[in-house]
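Read through the structure below, which is laid out as structure tokens, and then see the notes.
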Amino acid sequence: MAAEPRIDLERVGGEVFLSLSGDWVIDHAISLDQRIQAIPGRVKGEGRVIVRGSAIGALDTTGAWLLQRLLEALAEQGLDTTSEGFREPHSRFLARISQGFEPPVSPPRRHWAGPVTRLERLGRHSVGGIRHVGELTAFLAQVLLDFVRCLLLPHRFRLGVMVANMFRAGVTAIPIVALMAFLISIVLSYQGMVQLERFGAEIYTINLAVVSLLREMGVLLTAVVVAGRSGSAFAAELGVMRLNGEIDAMHVLGMPPTEILVLPRILALLIMVPLLTLLADLAGLVGSAFSARILVGLSLPQFLHHVQTAVTPASFWVGMIKAPIFAFLIALTATFWGMKEADSPEKVGQQVTVSVVQSIFLVIVADALVSVALSRLGA
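For the sequence shown, the positions run 1 to 379 when full-length UniProt numbering is used.
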């Protein structure tokens with residue numbers, strides 16, 4: 001049974017001696033803590049305190065931590081504290097415990113980066129960007145090679161994987177895409193009417209809302225939702241598989257991961273994003289009809305007649321042409337980042353974030369380029 005720990009206080013001249021004895025172990029942690037809290041008040045105003053530990057029997061982590069806390073409390077009062085008589089194992093143990101009481105080291109001060117350092121950073125970023133483009137190009141080439149192989153050997157294609165991803169990326173996204181398109185069309189119609197009614201042209205709110213929806217907003221809204229929803233899911237799934245070694249196991253078994261995991265996901269988005277875009281256009285038209293009824297007073301037949309006279313088929317096809325382009329960019333970016341090496345869950349999360357941001361950026365850039373190109377062609 002552990003001996004009861006004691007702290008005996010003795011004053012000799014201008015010095016205070018604290019003699020420690022007994023077993024300083026976790027079994028006596030509560031009583032030790034109470035005794036230690038009383039010591040600073042009893043030695044307040046003294047000049048020098050000498051802590052003797054020669055009579056300590058057993059010492060575990062809890063006892064060492066409490067003893068170190070006593071020494072810290074005495075030092076905070078400005079007392080000249082000295083330890084003596086501790087056995088060598090106890091001294092080493094206390095030295096290790098005391099490391100946890102040291103204040104954190106402040107990070108080194110950052111110095112101004114000179115021209116050479118800035119040039120070095122620019123070079124590193126440039127090399128990293130070139131390497132990234134090269135890796136993405138090689139990944140795209142592998143995807144195209146697997147696609148051609150599946151065309152020549154149809155039995156290799158994983159139809160079930162593609163259908164499952166079509167359901168998850170497309171069917172389950174119908175409510176959010178339809179709702180957002182409906183609400184955005186209402187907001188767009190209202191904002192357009194506020195501006196156009198100044199000129200007595202509020203009837204042309206329909207032109208503004210419907211044309212914007214069919215050419216830009218419908219497909220762009222769908223692409224952003226798919227990038228944030230399905231793209232992040234693709235990157236996370238593949239990243240976790242890479243982290244768990246499942247993709248390496250597929251290589252060992254002679255199973256091509258790109259053909260099995262990447263190609264079905266890309267084809268699933270190529271099929272579902274145009275369908276979701278069509279759904280977004282329809283939901284947006286419903287929202288525009290609702291806005292026209294509330295804001296302008298047009299009935300549904302009048303609204304449809306106005307849409308037929310104001311909107312050309314080219315406006316619809318411009319949006320539909322963009323849909324597969326956006327789908328390919330989103331799927332390629334998401335699967336590329338998902339297949340990259342990751343050594344920790346934190347790294348997987350970072351790659352998922354990068355994939356979503358990069359997908360949305362590429363979608364916006366592609367939207368601008370395609371819009372300008374089609375406008376030049378008269379569409």
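All residues carry an ideal CB built from backbone N, CA and C; glycine is no exception.
Remember, it's a predicted structure, so these values are computed and weren't measured experimentally.
Look at E10 here: in three-state DSSP terms it is strand. Between the region 178-187 and the region 240-254, the count of C-beta pairs closer than 8 Å stays below three; the two stretches do not touch. Contact between the region 219-234 and the region 161-176 is established, with three or more Cβ pairs separated by less than 8 Å. With fewer than 16 other Cβ atoms from the protein chains shown falling within 10 Å of its own Cβ, H132 counts as exposed. With a threshold of 16 other beta carbon atoms within 10 Å, A235 meets it and is buried. For L377, no alpha helix (DSSP H) run applies, since DSSP gives it neither H nor E. Within 10 angstroms of the beta-carbon of A327 lie 16 or more other beta-carbons, which makes it buried. In this structure, DSSP gives V311 a state outside helix and strand, which the three-state scheme calls coil. Under the three-state reduction of DSSP output, D23 falls in the strand class. Around I206, the same chain offers S189, S288, A292, V296, L298, F303, H306, V307, A310 as residues with beta carbons nearer than 8 Å, after the five sequence neighbours per side are excluded. Here the alpha carbons of A209 and R198 stand approximately 17 Å from one another. In this structure, the alpha-carbon of T333 lies about 15 Å from that of V273. In the DSSP assignment, V51 is bridged to L18, S83. Considering only T335, V211, R92, the residue with the shortest C-alpha distance to S355 is T335.
Within the same chain, L20, S83, G85, F86, H90 come within 7 Å of G53 by CB-CB distance, once the 5 residues on both sides are set aside.
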